[in-house]
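2 protein chains.
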Amino acid sequence: LAEGRTELLENALEELHPAEIAGLLEGMPPEPRQATWALVPEAQRGEVLAYIHDEARASLIDEMQPEELVEAAEQMDDEDLAEVLNVLPTDLTETVLTALDEDHRLRIEAVLSYPEGTAGRLMSTNVLSVRADVTLAVVLRWLRRHRALPPHTDSLMVVDDDGRYLGRLDMGLVVTGDPDSLVAAVMETGAELVRADATEADLTSLFERRDLISVAVLDEEDRLLGRITIDDVVDVIREEADRRLLQSAGLEAEEDLFAPVLPSARRRGVWLGINLMTVFLAAWVIGRFEDALEKIVALAVLMPVVASMGGIAGSQTLTLTIRGLALNQIADSNLRWLLLKELGVGALNGLVWAALVALVTLLWFHSTGLALVIAVAMLLNLLAAAFSGIAVPLILHRLGIDPALSGAVILTTVTDVVGFLSFLGLASLFLI
Amino acid sequence: LAEGRTELLENALEELHPAEIAGLLEGMPPEPRQATWALVPEAQRGEVLAYIHDEARASLIDEMQPEELVEAAEQMDDEDLAEVLNVLPTDLTETVLTALDEDHRLRIEAVLSYPEGTAGRLMSTNVLSVRADVTLAVVLRWLRRHRALPPHTDSLMVVDDDGRYLGRLDMGLVVTGDPDSLVAAVMETGAELVRADATEADLTSLFERRDLISVAVLDEEDRLLGRITIDDVVDVIREEADRRLLQSAGLEAEEDLFAPVLPSARRRGVWLGINLMTVFLAAWVIGRFEDALEKIVALAVLMPVVASMGGIAGSQTLTLTIRGLALNQIADSNLRWLLLKELGVGALNGLVWAALVALVTLLWFHSTGLALVIAVAMLLNLLAAAFSGIAVPLILHRLGIDPALSGAVILTTVTDVVGFLSFLGLASLFLI
Numbered sequence: 005l006a007e008g009r010t011e012l013l014e015n016a017l018e019e020l021h022p023a024e025i026a027g028l029l030e031g032m033p034p035e036p037r038q039a040t041w042a043l044v045p046e047a048q049r050g051e052v053l054a055y056i057h058d059e060a061r062a063s064l065i066d067e068m069q070p071e072e073l074v075e076a077a078e079q080m081d082d083e084d085l086a087e088v089l090n091v092l093p094t095d096l097t098e099t100v101l102t103a104l105d106e107d108h109r110l111r112i113e114a115v116l117s118y119p120e121g122t123a124g125r126l127m128s129t130n131v132l133s134v135r136a137d138v139t140l141a142v143v144l145r146w147l148r149r150h151r152a153l154p155p156h157t158d159s160l161m162v163v164d165d166d167g168r169y170l171g172r173l174d175m176g177l178v179v180t181g182d183p184d185s186l187v188a189a190v191m192e193t194g195a196e197l198v199r200a201d202a203t204e205a206d207l208t209s210l211f212e213r214r215d216l217i218s219v220a221v222l223d224e225e226d227r228l229l230g231r232i233t234i235d236d237v238v239d240v241i242r243e244e245a246d247r248r249l250l251q252s253a254g255l256e257a258e259e260d261l262f263a264p265v266l267p268s269a270r271r272r273g274v275w276l277g278i279n280l281m282t283v284f285l286a287a288w289v290i291g292r293f294e295d296a297l298e299k300i301v302a303l304a305v306l307m308p309v310v311a312s313m314g315g316i317a318g319s320q321t322l323t324l325t326i327r328g329l330a331l332n333q334i335a336d337s338n339l340r341w342l343l344l345k346e347l348g349v350g351a352l353n354g355l356v357w358a359a360l361v362a363l364v365t366l367l368w369f370h371s372t373g374l375a376l377v378i379a380v381a382m383l384l385n386l387l388a389a390a391f392s393g394i395a396v397p398l399i400l401h402r403l404g405i406d407p408a409l410s411g412a413v414i415l416t417t418v419t420d421v422v423g424f425l426s427f428l429g430l431a432s433l434f435l436i
Numbered sequence: 005l006a007e008g009r010t011e012l013l014e015n016a017l018e019e020l021h022p023a024e025i026a027g028l029l030e031g032m033p034p035e036p037r038q039a040t041w042a043l044v045p046e047a048q049r050g051e052v053l054a055y056i057h058d059e060a061r062a063s064l065i066d067e068m069q070p071e072e073l074v075e076a077a078e079q080m081d082d083e084d085l086a087e088v089l090n091v092l093p094t095d096l097t098e099t100v101l102t103a104l105d106e107d108h109r110l111r112i113e114a115v116l117s118y119p120e121g122t123a124g125r126l127m128s129t130n131v132l133s134v135r136a137d138v139t140l141a142v143v144l145r146w147l148r149r150h151r152a153l154p155p156h157t158d159s160l161m162v163v164d165d166d167g168r169y170l171g172r173l174d175m176g177l178v179v180t181g182d183p184d185s186l187v188a189a190v191m192e193t194g195a196e197l198v199r200a201d202a203t204e205a206d207l208t209s210l211f212e213r214r215d216l217i218s219v220a221v222l223d224e225e226d227r228l229l230g231r232i233t234i235d236d237v238v239d240v241i242r243e244e245a246d247r248r249l250l251q252s253a254g255l256e257a258e259e260d261l262f263a264p265v266l267p268s269a270r271r272r273g274v275w276l277g278i279n280l281m282t283v284f285l286a287a288w289v290i291g292r293f294e295d296a297l298e299k300i301v302a303l304a305v306l307m308p309v310v311a312s313m314g315g316i317a318g319s320q321t322l323t324l325t326i327r328g329l330a331l332n333q334i335a336d337s338n339l340r341w342l343l344l345k346e347l348g349v350g351a352l353n354g355l356v357w358a359a360l361v362a363l364v365t366l367l368w369f370h371s372t373g374l375a376l377v378i379a380v381a382m383l384l385n386l387l388a389a390a391f392s393g394i395a396v397p398l399i400l401h402r403l404g405i406d407p408a409l410s411g412a413v414i415l416t417t418v419t420d421v422v423g424f425l426s427f428l429g430l431a432s433l434f435l436i
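Protein sequence lines, in the order shown, are assigned to chains S and Z.
In our numbering, each residue's number is its place in the first sequence (first place is 1) plus 4.
In our numbering, each residue's number is its place in the second sequence (first place is 1) plus 4.
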């Protein structure tokens, strides 16, 4: 960055919301990113770190001094700070925690005591709770003594003397209700709640399905631990969608577009290595038919057609099955129906496109035998694709492996192998 | 469904939240879905329709009588009903609209007057607004006259006598603020707001970045039209993630896992047809080298390896570029850096895996020439993959075509063609 422009940028940064600064930093290669980060006002850094995505955040934190980290930490919400501390080396985490005031440190340690990916880790302990035996007028007077309410306070939590959760009191009701009503009389007792060990997937589907703003987090003994608010759940939903998209291409979740060459190449190389093994398996299958390929060179020309169509059809079924599993839509009771339907779709598209491929083959190579062989091979491969598009993700799912990660590689291996095997095998049997 | 179990199911449905019924229906093949829908209490149907995803909703609405639709419509929020009416035939839309009471009809028509995918279409006109020249005590008294506040009311909108938006008044402030303060003194004037023609993408990034619960929707003259709440934005985020996932496999957005065979086959067939054209292009390239393939059959065995590795590496770059475009991270200023980085990653992985492939080739076919040719071809293809992984989505994006839809097909066509061309071409030049 040129000298004159530094000042310009510094002024621009002061005008921006921390979320916008975060977006700006994410769109920068490493060097300008560090240079710009140095210009972000210290009072904003904690918030910017809270808004920025994981990989880009790590690249910033790497360059920060411990005292800078401590200052940023003091500005952050519990759940955001817990996320940041999670990626720090242990000794730095200690440094930051010891520097916080007692109360803040205890809250963070409570959040950090829950495993990543659970509700406990996403909760804020900054929650307003009231007793059931007071009137709304008392609640209102008590609220008025606060300078500001915690962000996204759409309800107050009602607890007993031991901190056990009894229900939730809508903020709207506090305002519109009869001031003489007891909290116990107007609170909602059947409201949704989660346990601290609930998974992120449980949380996102709960918030999405029930249109919630916040939900109480309880321990095993029904004690109120904190609450989770929709803004953190939205982040989880976005990260999850991002993870799915990136993992389907064999990339790490939260891969930074502007990461340096070497770590990027190493991370992506793993996936290329796995693919190399599967494609050599397909090559080995082709190698079994060297005889046929030597005699009819058209087989080499056409064999990618059979494999590729199977791969496309299979990935359509696979994608639907993975989504169905994620939405809990697939059960033993509808599996048979689903399999028959997908086989039906495969057969129908197999017949249509096999006929077209046979016609092109006939016009190109003037061989009825070759046209028939490729048509039958294609139909077989589209049926195999439909079957494995359902079977592969289901088996992976039962084995506890995320089908979004490895499903596509296994599926295309199946359709490649079945495609080459059926086409070259049928040709060997009937044309040679 | 057996007779005895019908009653059991009916009782179970009465216990369930409409959102849970929606999830249940989505996980059912067509016949049980219709049978179960018939058992859903009429008073719940509107809410169930509001929660259920598009394709499954269409399958239910298709079977409903106009009078059933009207009854369901009366239970729905403005923005949900607008979504349902959007997929109805025009005459049915008319029937439903005329049956609603005047006030409700006018509100829906206002929402429907904005194009799909804009903020206007997602807004609720059910919004509480106050004047700037009253005290908080007056606001509080006025709120108390409401039986209930609109859902997700985290703030009141402040407007002038002509309905022009002036700012937002936080509900927390209404409660905690000094009752004698004027609204004008405590309202937030710089709060985020959107215009009715803002896109869904603008909305989701605004809500996600700024952790909002609700936002005011204004027309061109700053008049308050309504407000958009986070629950509807969460639905948009989920639908958008779903759309990306499904479209990457050439499926329609919101494809129903339990749609019947015929329409499913037709929808998916389109994508198979497009793929057929591209794979025949690759086959044609191979066909140019029949001579070489006849003389060295190992070329046919190994050529899928070169094409496949390019496809995998290219789709990694493509996925990152598409995500970068979606997050507005890619600009002219960092394009050169990005291209060099991806070419660097391609070269590095190209060298590593080309060496391994050359070794395997040498051991398998005992030909140094063949090993060298495949190594060079693979390196070339990985560089081509990195280049087109950036160029293809950027060009599509500039042409106004969504790269998430067609990027992958074009990219694999490039890597197939370059892979076959470089491998078979180099072999023709140096080995024959």
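Just so you know, even glycine gets a beta-carbon here, dropped at the ideal spot from N, CA and C.
Remember, it's a predicted structure, so these values are computed and weren't measured experimentally.
- The contact set of Ser312(S) on chain Z, defined by CB atoms closer than 9 Å, consists of Asn279, Leu280, Thr282, Val283, Ala286, Thr416, Asp420 in chain order.
- Within chain S, no C-beta atom comes less than 9 Å from the C-beta of Pro397(Z); the nearest is roughly 12 Å away.
- Counting other Cβ atoms within 10 Å of its Cβ, Gly171(S) reaches 16 or more and is therefore classed as buried.
- The C-beta of Ser426(S) comes no closer than 8 Å to any C-beta of chain Z.
- In the structure shown, Gly230(Z) adopts extended strand secondary structure according to DSSP, grouped into three states.
- Straight across, the Cα-Cα distance linking Ser426(S) with Asn385(S) is about 8 Å.
- Within chain S, the residues placing a beta-carbon under 8 Å from that of Ala335(Z) are Gly31, ordered along the chain.
- Any Cβ of chain Z closer than 8 Å to the Cβ of Pro407(S) would place that residue at the interface, and such an atom is absent.
- The beta carbon of Leu228(Z) sits closer than 8 Å to the beta carbons of Val131, Ser133, Met161, Val163, Gly167, Arg168, Tyr169, Ala220, Val221, Leu222 from its chain, once the five residues preceding and following it are set aside; these are given in chain order.
- A Cβ-Cβ distance of about 25 Å is found for the pair Ile394(Z) and Leu430(Z), leaving them out of contact under the 8 Å criterion.
- With the criterion set as a beta carbon lying under 9 Å from some beta carbon of chain Z, the members of the region 213-246 of chain S are Arg213, Arg214, Asp215, Leu216, Ile217, Thr233, Ile234, Asp235, Asp236, Val237, Val238, Asp239, Ile241, Arg242, Glu244, Ala245, Asp246, in sequence order.
- In this structure, the beta-carbon distance from Leu43(S) to Leu13(S) falls below 8 Å.
- Put simply, the CB of Gln48(S) is far from chain Z, with every gap to its CB atoms at 8 Å or more.
- Here Asp260(S) has Glu59, Ala60 as same chain residues with Cβ atoms under 6 Å from its own Cβ, once five neighbours each way along the sequence are excluded.
- In chain order, Leu153, Thr157, Asp158, Met175, Gly176, Val179 make up the part of chain Z whose C-beta sits under 9 Å from the C-beta of Met175(S).
- For Ala23(Z), the enclosing alpha helix (DSSP H) begins and ends at 22-30.
- Assigned with DSSP and collapsed to three states, Ser312(Z) falls in helix.
- From the beta-carbon of Leu147(S), the residues of chain Z found nearer than 7 Å are Val179, Thr180.
- Using a Cβ-Cβ cut-off of 7 Å, Gly273(Z) is close to Asn353, Val356 of chain S, given in chain order.
- The C-alpha of Leu101(Z) lies about 6 Å from the C-alpha of Arg109(Z).
- Rounded to whole angstroms, Met281(S) and Gln251(S) show a C-alpha spacing of 19 Å.
- Between Val265(Z) and chain S, the shortest Cβ-Cβ separation is below 8 Å.
- Taking the Cα positions, Leu210(S) is about 22 Å away from Glu87(Z).
- Out of Val377(Z), Val178(Z), Ala253(Z), Ala304(Z), the CA that lies nearest to the CA of Leu409(Z) is found in Ala253(Z).
- Using a Cβ-Cβ cut-off of 8 Å, Ala381(S) does not count as an interface residue toward chain Z, since no Cβ of chain Z sits closer than that to its own.
- Near chain Z, meaning a CB-to-CB distance below 7 Å, the residues of the region 286-304 of chain S are Ala286, Ala287, Ile290, Gly291, Glu294, Leu297, Glu298, Val301, Ala304.
- Looking at the DSSP output, Gly171(S) bridges to Val162(S).
- The residue from Pro267(S), Gly8(S), Asp81(S) with its alpha-carbon nearest to that of Leu126(S) is Asp81(S).
- For the 8 Å CB-CB criterion, Leu415(Z) and Ser319(Z) form a contact.
- Here Ala189(S) is exposed, its C-beta having fewer than 16 other C-beta atoms within 10 Å.
- For Tyr169(Z), there are no C-beta contacts with chain S under 7 Å, since the nearest C-beta of that chain is about 20 Å from it.
- Glu259(S) has a beta carbon lying within less than 8 Å of a beta carbon in chain Z.
- Our two residues, Phe391(S) and Ala359(S), have alpha carbons roughly 21 Å apart in a direct line.
- DSSP links Thr122(S) through a beta bridge to Thr203(S).
- The C-alpha of Gly404(S) is placed about 30 Å away from the C-alpha of Trp288(S).
- DSSP places Leu425(Z) inside the alpha helix (DSSP H), whose first and last residues are 407-434.
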